[in-house]
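Below: the structure, in structure tokens.
2 protein chains.
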Amino acid sequence: MSKRTEKTIVDIAEELGLSVSTVSRALNDHPNISARTKEKVKKMARKLGYRPNAMAAGLRNNRSKTIGLLVPRISMFFPATISTVVQNKLQEHGYNVIICQSNDSYEQEVALTNTLYSARIDALAVSTTLYTTDFSHFDIFKDNNIPLVFFDRVPKDYDVTVVKGDDYLGGLTVTRHLIEQGCKDIVHISGPLTCSLYVERVAGFKHALKQHKIPFKKSRIFYQELTRDNAWQACEKIFAQRPYPDGIFAANDTTAITILEYCRMINVRVPEDLKIVGYSNDPRAEIINPGITSVDQFPAMMGERVAAALLDLMQQPRRTPQRHAAEMVPIQLIKRASSEVKATRRKKS
Amino acid sequence: MSKRTEKTIVDIAEELGLSVSTVSRALNDHPNISARTKEKVKKMARKLGYRPNAMAAGLRNNRSKTIGLLVPRISMFFPATISTVVQNKLQEHGYNVIICQSNDSYEQEVALTNTLYSARIDALAVSTTLYTTDFSHFDIFKDNNIPLVFFDRVPKDYDVTVVKGDDYLGGLTVTRHLIEQGCKDIVHISGPLTCSLYVERVAGFKHALKQHKIPFKKSRIFYQELTRDNAWQACEKIFAQRPYPDGIFAANDTTAITILEYCRMINVRVPEDLKIVGYSNDPRAEIINPGITSVDQFPAMMGERVAAALLDLMQQPRRTPQRHAAEMVPIQLIKRASSEVKATRRKKS
DNA sequence: GTAGGTTATGCAAACGTTTGCATTTTTGGC
DNA sequence: GCCAAAAATGCAAACGTTTGCATAACCTAC
Chain A
1 MSKRTEKTIV DIAEELGLSV STVSRALNDH PNISARTKEK VKKMARKLGY RPNAMAAGLR
61 NNRSKTIGLL VPRISMFFPA TISTVVQNKL QEHGYNVIIC QSNDSYEQEV ALTNTLYSAR
121 IDALAVSTTL YTTDFSHFDI FKDNNIPLVF FDRVPKDYDV TVVKGDDYLG GLTVTRHLIE
181 QGCKDIVHIS GPLTCSLYVE RVAGFKHALK QHKIPFKKSR IFYQELTRDN AWQACEKIFA
241 QRPYPDGIFA ANDTTAITIL EYCRMINVRV PEDLKIVGYS NDPRAEIINP GITSVDQFPA
301 MMGERVAAAL LDLMQQPRRT PQRHAAEMVP IQLIKRASSE VKATRRKKS
Chain B
1 MSKRTEKTIV DIAEELGLSV STVSRALNDH PNISARTKEK VKKMARKLGY RPNAMAAGLR
61 NNRSKTIGLL VPRISMFFPA TISTVVQNKL QEHGYNVIIC QSNDSYEQEV ALTNTLYSAR
121 IDALAVSTTL YTTDFSHFDI FKDNNIPLVF FDRVPKDYDV TVVKGDDYLG GLTVTRHLIE
181 QGCKDIVHIS GPLTCSLYVE RVAGFKHALK QHKIPFKKSR IFYQELTRDN AWQACEKIFA
241 QRPYPDGIFA ANDTTAITIL EYCRMINVRV PEDLKIVGYS NDPRAEIINP GITSVDQFPA
301 MMGERVAAAL LDLMQQPRRT PQRHAAEMVP IQLIKRASSE VKATRRKKS
């Protein structure tokens, strides 16, 4: 009665007059156990309503069959898609996935990293906060040779396996596209430079300007967290005085959408007066009118790669030092009406 | 060397010439331990790089400080928002959250439920698949008095704590609104009736028709998984022959958006010729042109309630049979241009 | 019938904690 | 200084598995 309802392999063993080792092996289909015994054991397990205790097994084996996924937030399209794919893939291979959100707070990221370590996860995949520049809280994973993979928001100068988009090429491609569309005065709204991927996009942006002999003006670039509010404030600054820019490269689609709305309010025509390009190809970019040109980062592919990297690292013998690959996921400019005066075209590489 | 790098409380105890019990208590701030000893122990723990092993503690305590969250998918706006809130809330209280996706597959749901039980999670929150009508796989949680909360997609005839939206009222409100806007021939695209929330919305729909003496025609209602493809196919049927309906109540926004696009293609004007209302107030509904009238289900509030229910149940003494509350989260019709000929209004209760 | 080899099962330790109870140490009042 | 009470620490069992090694049971062939 009371709370002693949990059956264990000991109960099965007693019930059957077998030893616990035999029961354990039978349940795990160990080759040394006869087919008849296995049958008996499994039947009794079912009858008693036995449920394995993963914590006990994990403690003994020193592996939890659980992997951690640490992302800024799962309510945003891009990380959500990646998380979905990673989780489904690992689930197929018998792993549980603990998804944690840092909410873009460095402190939370550190705390969660420690908690995940305490749970003795078998591997960890991370997309860092915007502000993470010190990565020492991940050392514990490296030191103990626990597979560690970073994706999208990846560290700079920290030797580790990485899966990321080609942000330099992205910045370059977007800027070239705007220039080809006739823009001569382009604003770039970037994320904070503490996050290396924005550094690269900015580099691509500057490089394209240089190639086309367009002077780079410091006043035409903004570094900020890419929220709706911040985007609105940036617009207020940008359109406070003439001349208005003729192109804006926003580092995410939330920002691009906000700009579009601001333009609607102040009667700036898009794309005639101003061309806008976003980033990440959020579903909203396709649906809004005019559609917003954006950069597809193939989140599903990125998720597949992350999952594959984790699985790969996990099946390597523990002692081996990890090989630290850096995988580059391609990007693709998706042209839409916000940057093209002609027709709305959906696909073009 | 090799793999013996993991320090335990035993190491701390030896290093300090104390017993493991004292170390354990010191680390857990047990009142019986002197301040000086606590200080010493914590210092040594830091020095040795000690990391608690949650599995060992969990095994001993019979609680894992982990809770499970089982949802159809996290890449959809509504469940994603709820998951975010639940996770953040529980994280604040020192719990880990394992988020799992059933991908709307009953088999996966069953498998994941069992895995989560094996992990000895301290509580489980579930939004079921569209097709779950047998809930016996959750019995194990009930039988062992482990807090179990269902939300949004909740069971019918299964005694358990529930947090849900007022779907009957939602169906009623939407339909009334369409009628007030002059619609006389309304189509309803519903999810499958295996999912009780759609049953309720349909009931609300029918009730509103009845109240306004509009005959209900079986051919004007569709039951299907609410995907883009299915929505498109439904449109093909709906617009295959005259007369066209003058209003459509879609049970999610993906469907509503697809209908809007179809209408654009066949030159049916929205809202002049046809009024459309969706459900869930997906961010896309606000952004598309015309904006789509939808029903806000306050996912953040639902998440809060779910988290609160879990925490509440967890702090009840284990023996107590659970009280099975049913909480109703309000809904609010968000009127937009897709159903109103006049102006676009953003808010109206 | 026995040796030799398979095949199947059992013993017991180990994984890293926590905790009830026993024991030791400290404290304070006289 | 002494004693009782209070405070601090230690002992050892327990949580539910897995697994190396030892042992028992069963064949097969001579």
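So the sequence lines, in the order shown, correspond to chains A and B.
So for the first sequence, this note's numbering puts the first residue at 1; every next one is plus one.
So for the second sequence, this note's numbering puts the first residue at 1; every next one is plus one.
Cβ atoms here follow ideal geometry from the backbone N, Cα and C, with glycine treated the same way.
Bear in mind the structure is a predicted one, so any value in this text is a computation, not a measurement.
1. State the Cα-Cα distance for the pair V97 of chain A and A326 of chain A, rounded to the nearest angstrom.
2. Just reading off the beta strand (DSSP E) that M328 of chain A is part of, what are its end residues?
3. Does any C-beta atom of chain B lie closer than 8 Å to the C-beta of I9 of chain A?
4. Which residues bound the beta strand (DSSP E) around Q211 of chain A?
5. Within a Cβ cutoff of 6 Å, which residues of the same chain sit near K348 of chain A, ignoring the five residues on either side of it in sequence?
6. Based on DSSP bridge pairs, tell me the residues matched to A285 of chain A.
7. At what residue ranges does the region 242-318 of chain A contain a whole run of the beta strand (DSSP E), taking only runs of 3 or more?
8. Once the 5 residues before and after K3 of chain B are set aside, which same chain residues still bring their CB inside 8 Å of it?
9. Would you identify the three-state DSSP class for K164 of chain B, choosing helix, strand or coil?
10. Closest by CA to E14 of chain B, which one among B:S34, B:D253, B:P31 and B:L48?
11. The alpha helix (DSSP H) spanning T37 of chain A covers which residue range?
12. Please report the straight-line C-alpha distance between M265 of chain B and C235 of chain B, rounded to a whole angstrom.
13. Between the beta-carbon of D185 of chain B and the beta-carbon of P271 of chain B, is there less than 8 Å?
14. Using the Cα positions of R345 of chain B and A337 of chain B, report the straight-line distance between them to the nearest angstrom.
15. Taking 8 Å as the threshold, find out whether the region 92-111 of chain B comes into contact with the region 21-33 of chain A through three or more Cβ pairs.
16. Check each candidate in A:L178, A:V85, A:D166 and A:E39 and name the one with the smallest Cα separation from R201 of chain A.
17. Check each candidate in A:P330, A:P290, A:M44 and A:Q315 and name the one with the smallest Cα separation from A300 of chain A.
18. If you draw a straight line from the C-alpha of A343 of chain A to the C-alpha of T173 of chain A, how long is it?
19. Using 8 Å for Cβ pairs, my map puts L69 of chain A next to A125 of chain A. What's the rounded Cβ distance?
20. If we cut at 8 Å on Cβ distances, does A13 of chain A have a partner in chain B?
21. Does any residue of chain B have a CB that is nearer than 8 Å to the CB of S394 of chain A?
22. Can you tell me which of the three DSSP states K348 of chain B falls into?
23. Going straight from the alpha carbon of A251 of chain B to that of N88 of chain B, what length do you get?
24. Can you list, in chain order, the residues of its chain with a C-beta nearer than 7 Å to that of H207 of chain A? Leave out the 5 residues immediately preceding and following it.
25. In its own chain, which residues sit with a C-beta less than 6 Å from the C-beta of D159 of chain A, not counting the 5 before and 5 after it?
26. Could you name the residues that DSSP lists as bridge partners for H30 of chain B?
27. Quick one, which residues of the region 42-63 of chain A are near chain B if we go by CB-CB under 7 Å, in chain order?
28. By Cβ distance below 6 Å, which residues in the same chain neighbour T133 of chain B in space, the five residues on each side in sequence not counted?
29. Which same chain residues, not among the five before or five after V71 of chain A, have their C-beta less than 8 Å away from its C-beta?
30. What are the residues that DSSP puts in a beta bridge with V97 of chain B?
31. Count the C-beta pairs between the region 255-264 of chain A and the region 284-294 of chain A that are closer than 8 Å, then say yes if the count reaches three, no if not.
32. Starting from the C-beta of F239 of chain B, find all residues in its chain whose C-beta is less than 7 Å away, skip the five residues before and the five after it, and write them out in chain order.
33. Could you run through the region 195-210 of chain A and flag, in chain order, every residue whose CB is less than 8 Å away from some CB of chain B?
34. Assign A119 of chain A to one of two classes, buried (16 or more other C-beta atoms within 10 Å of its C-beta) or exposed (fewer than that).
35. The alpha helix (DSSP H) with L130 of chain B in it runs from where to where?
36. Using alpha carbons as the reference points, say which of B:K164, B:D143, B:D157 and B:N144 lies closest to F150 of chain B.
Reading from the atomic positions:
1. About 23 Å.
2. DSSP places M328 of chain A in the uninterrupted beta strand (DSSP E) bounded by A326 to V329.
3. For I9 of chain A, no CB of chain B lies under 8 Å from its own CB, so it is not counted at the interface with that chain.
4. In this chain, Q211 of chain A is not harboured by any beta strand (DSSP E); it is covered by the alpha helix (DSSP H) spanning S196 to Q211.
5. Annotation note: pLDDT 41 at K348 of chain A (below 50); position unreliable, coordinate value reported separately. Closer than 6 Å at the Cβ level, and outside the excluded window around K348 of chain A, lie K335.
6. None; A285 of chain A has no bridge partner.
7. Within the region 242-318 of chain A, the complete beta strand (DSSP E) segments of 3 residues or longer fall at 247-250, 275-277 and 294-296, listed in chain order.
8. With a pLDDT of only 44 at K3 of chain B, under 50, the local geometry of the prediction cannot be trusted, and no value is derived from it.
9. If DSSP states are grouped into helix, strand and coil, K164 of chain B belongs with the strands.
10. Checking every option, the nearest Cα to that of E14 of chain B belongs to B:L48.
11. For T37 of chain A, the enclosing alpha helix (DSSP H) stretches over residues A35 to L48.
12. The alpha-carbon atoms of M265 of chain B and C235 of chain B are separated by roughly 11 Å.
13. Going by C-beta atoms, D185 of chain B is not nearer than 8 Å to P271 of chain B.
14. Only weak support is given to the placement of R345 of chain B: the predicted model assigns it a pLDDT of 46, under 50, and the question is left unresolved by the model.
15. Contact between the region 92-111 of chain B and the region 21-33 of chain A is not established, with fewer than three Cβ pairs separated by less than 8 Å.
16. Ranking A:L178, A:V85, A:D166 and A:E39 by Cα distance to R201 of chain A puts A:D166 first.
17. Nearest to A300 of chain A by alpha-carbon distance, out of A:P330, A:P290, A:M44 and A:Q315, is A:P330.
18. Caution applies to A343 of chain A, whose pLDDT of 49 falls short of 50 and renders its modelled position unreliable; the value that the coordinates give is listed next. Straight-line spacing of the CA atoms in A343 of chain A and T173 of chain A works out to 20 Å.
19. Contact flag correct, Cβ pair sits at about 5 Å.
20. Between A13 of chain A and chain B, the shortest Cβ-Cβ separation is not below 8 Å.
21. Nothing can be reported for residue 394 of chain A: it is not among the residues displayed for chain A, which extend from 1 to 349.
22. Model confidence at K348 of chain B stands at a pLDDT of 41, short of 50, so the residue's coordinates are unreliable and nothing is read from them.
23. A251 of chain B and N88 of chain B: Cα-Cα distance of roughly 29 Å.
24. Exclusion of the five residues before and after H207 of chain A leaves L172 as the residues of its chain whose Cβ lies within less than 7 Å of its Cβ.
25. Answer for D159 of chain A: H324, listed in chain order.
26. None; H30 of chain B has no bridge partner.
27. Legend: CB atoms of the region 42-63 of chain A lying less than 7 Å from CB atoms of chain B belong to residues R51, P52, N53, A54, M55, A56, G58 and L59.
28. Within the same chain, T133 of chain B has close Cβ partners T194.
29. Cβ neighbours of V71 of chain A within its own chain (closer than 8 Å, five residues either side excluded): P79, I82, S83, I99, C100, Q101, S102, V126 and S127.
30. As a beta-bridge residue in DSSP terms, V97 of chain B pairs with B:I67.
31. Contact between the region 255-264 of chain A and the region 284-294 of chain A is present: 3 or more CB-CB pairs across the two stretches fall below 8 Å.
32. Cβ within range, chain order: I266.
33. Legend: CB atoms of the region 195-210 of chain A lying less than 8 Å from CB atoms of chain B are not found in any residue.
34. Label assigned to A119 of chain A: buried.
35. For L130 of chain B, there is no enclosing alpha helix (DSSP H), since its DSSP letter is neither H nor E.
36. Closest option to F150 of chain B, Cα to Cα, is B:K164.
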